[in-house]
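Asker:
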Amino acid sequence: MAALEARALTKLYHGRRGTVRALDQVDLDIPKGELFAFLGRNGAGKTTFIKVAATLLLPTSGEVRLFGEDVVAHPEAVRPLIALVPQEGRPFFHMTPREHVYEYLRVRGASAESAGARTSEVITAMGLTPFENEPSYRLSGGVQQRTLVAMILATEAPFLFLDEPTLGMDPFGRRQVWEVIRRAVRKGSTVLLTTHYLDEAEQLAQELAVIDSGKVLYRGAPEALKSTVKREVRLQFSGGFTAKELAEYGQVIQDRNRLVLLTMRSRVRELTDRALERGGEVTVGPVTLEEAFLELVGRGIEEEQ
Ligand SMILES: Nc1ncnc2c1ncn2[C@@H]1O[C@H](COP(=O)(O)OP(=O)(O)OP(=O)(O)O)[C@@H](O)[C@H]1O
Ligand SMILES: [Mg+2]
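With positions in the sequence shown counted from 1, the corresponding number in my numbering is that position plus 99.
1) Report the rounded CA-to-CA distance for I149 versus F260, giving the unit in angstroms.
2) Specify the secondary structure class of P257 as computed by DSSP and reduced to three states.
3) Could you confirm whether any beta carbon from chain B is found closer than 8 Å to the beta carbon of L316?
4) Our contact map puts L292 next to A136 with C-beta atoms below 8 Å; I'd like the distance itself, whole angstroms only.
5) Quick one: any contact between the region 173-193 and the region 218-229, if contact means 3 or more CB pairs under 8 Å?
6) Thinking C-beta only, is L358 closer than 8 Å to L345?
7) Alpha carbon to alpha carbon, what distance is there between V328 and V125?
8) Bridge partners for Q350 per DSSP, in chain order?
9) Quick one: what's T293 bridged to in DSSP?
10) State the DSSP-derived secondary structure class of A214, mapped to helix, strand or coil.
11) Around ligand 1, what residues have a beta-carbon under 6 Å from a heavy atom of it, in chain order?
12) Grab the span of the beta strand (DSSP E) containing K314 for me, first residue to last.
13) With a threshold of 6 Å on Cβ separation, who are the neighbours of E380 within its own chain once the five nearest residues in sequence on each side are excluded?
14) Evaluate V206 with the Cβ neighbour count: other Cβ atoms within 10 Å of its Cβ, from every protein chain shown; 16 or more gives buried, anything less gives exposed.
15) Grab me the residues of V200's own chain with a C-beta within less than 7 Å of its C-beta, minus the 5 sequence neighbours each way, in chain order.
16) Would a C-beta distance cut-off of 8 Å place L266 and R245 closer than the cut-off?
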């Protein structure tokens with residue numbers, strides 16, 4: 100049995116601008132003990148999926164089961180099994196990080212003793228020790244966000260929903276959070292994480308799903324998604340070439356003052372030589388998840404238009 104099973108899950112929102120199909124017949128299984136990432140553009144439906152699966156929102160039709168329990172029919176059976184970092188959640192103004200973690204564990208039924216020990220452990224692991232007794236209103240945004248993630252990871256709940264957990268964190272903070280997430284997975288939790296940082300998904304996820312307009316476009320390993328890009332290497336140019344000149348060598352992605360070209364290995368020598376002769380700069384590297392994502396979702400956008 101999978102940890103999470105969604106079947107024909109559909110959610111419509113009826114608003115002033117008509118009906119939005121936020122989830123459209125989604126079928127998805129997330130295996131137990133896995134770190135699963137959700138990728139998709141703004142408005143793709145990721146948070147809606149999480150809210151439905153976490154018993155916060157009723158679906159229009161279809162079903163979700165968590166460890167076999169139907170989330171609509173038996174939310175009370177599901178809630179002890181899950182914990183959730185809401186997207187852009189905020190800690191309570193006057194409570195400290197330590198109080199947040201401790202009180203949350205107590206509310207969930209932990210004894211004073213075990214909640215105290217667990218709180219200390221998580222506060223240390225998350226690098227929150229210097230801030231543990233400061234009221235939240237005095238903390239920076241990234242530290243507030245880390246407090247929320249600490250609360251959720253401290254629960255060691257069987258299923259953790261992390262909706263953009265590292266939003267607004269510096270590169271050190273992100274890595275610290277990654278480590279604690281990995282530890283939760285090693286201890287047996289299943290994690291569903293959303294992120295717009297594709298390097299984060301590449302670092303953490305065993306599998307991922309790309310969703311767009313409420314539909315699953317891809318589900319599988321990050322490596323397999325990368326191999327869907329039909330080109331072998333990624334060249335990045337600053338100067339030297341125009342987009343039009345590069346277009347005959349492969350796929351060009353315009354990125355502010357740089358041009359990214361996805362092309363075949365056999366063309367690299369010629370392209371780098373010419374770029375350097377013309378006084379440009381060029382870097383050569385492997386195709387990343389970001390390009391695979393842009394290509395996959397970009398195709399969908401073109402079809403829409
Ligand atoms: N309460 C609501 N009422 C009406 N429409 C909504 C509501 N919540 C979300 N939507 C719409 O549903 C769609 C999916 O939104 P959702 O928040 O699930 O996207 P997301 O993938 O989490 O995006 P992001 O990456 O920006 O967080 C969007 O078109 C959004 O505008
Ligand atoms: Mg969202």
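Using N, Cα and C, we set each Cβ at its ideal position, and we do this for glycine too. Quick caveat, the model's predicted, so the values are computed rather than measured.
Answerer: Based on what the coordinates show:
1) Working through the sequence shown from its first residue, we reach residue 149 at position 50. Working through the sequence shown from its first residue, we reach residue 260 at position 161. Cα to Cα, I149 sits roughly 7 Å from F260.
2) As a working note, residue 257 is residue 158 in the sequence shown. It is coil, neither helix nor strand.
3) Structure shown: chain B not included; a single protein chain is present.
4) Taking the first residue of the sequence shown as 1, we reach residue 292 at position 193. Taking the first residue of the sequence shown as 1, we reach residue 136 at position 37. Rounded, the Cβ-Cβ distance is 5 Å, consistent with contact.
5) no
6) Walking along the sequence shown from the start, residue 345 turns up at place 246. Walking along the sequence shown from the start, residue 358 turns up at place 259. Result yes, Cβ atoms of L345 and L358 sit closer than 8 Å.
7) Translated into the one-based positions of the sequence shown, residue 125 becomes position 26. Translated into the one-based positions of the sequence shown, residue 328 becomes position 229. Using only the alpha carbons, I get a separation of about 24 Å.
8) For the purposes of this step, residue 350 is taken as the residue at position 251 of the sequence shown. For Q350, which the question treats as bridged, DSSP gives the partners L361.
9) Start at 1 with the first residue of the sequence shown, and residue 293 comes out as number 194. According to DSSP, which records beta bridges pairwise, T293 is partnered with F137 and D262.
10) Residue mapping note: residue 214 aligns to position 115 of the sequence shown, counting from 1. Helix.
11) Y112, G114, V119, A121, G139, N141, G142, A143, G144, K145, T146, T147 and Q186
12) Here residue 314 refers to the residue found at position 215 of the sequence shown. Note, K314: beta strand (DSSP E), K314 to G319.
13) Working through the sequence shown from its first residue, we reach residue 380 at position 281. Excluding residues within five positions, the ones whose Cβ falls inside 6 Å are S337.
14) Here residue 206 corresponds to residue number 107 of the sequence shown, with the count starting at 1. By the 10 Å Cβ count, V206 comes out exposed.
15) Indexing the sequence shown from 1 puts residue 200 at position 101. Cβ within range, chain order: T218, V221, I222, A249, M250 and A253.
16) Translated into the one-based positions of the sequence shown, residue 266 becomes position 167. Translated into the one-based positions of the sequence shown, residue 245 becomes position 146. No, the pair does not count as a contact, with Cβ atoms beyond the cut-off.
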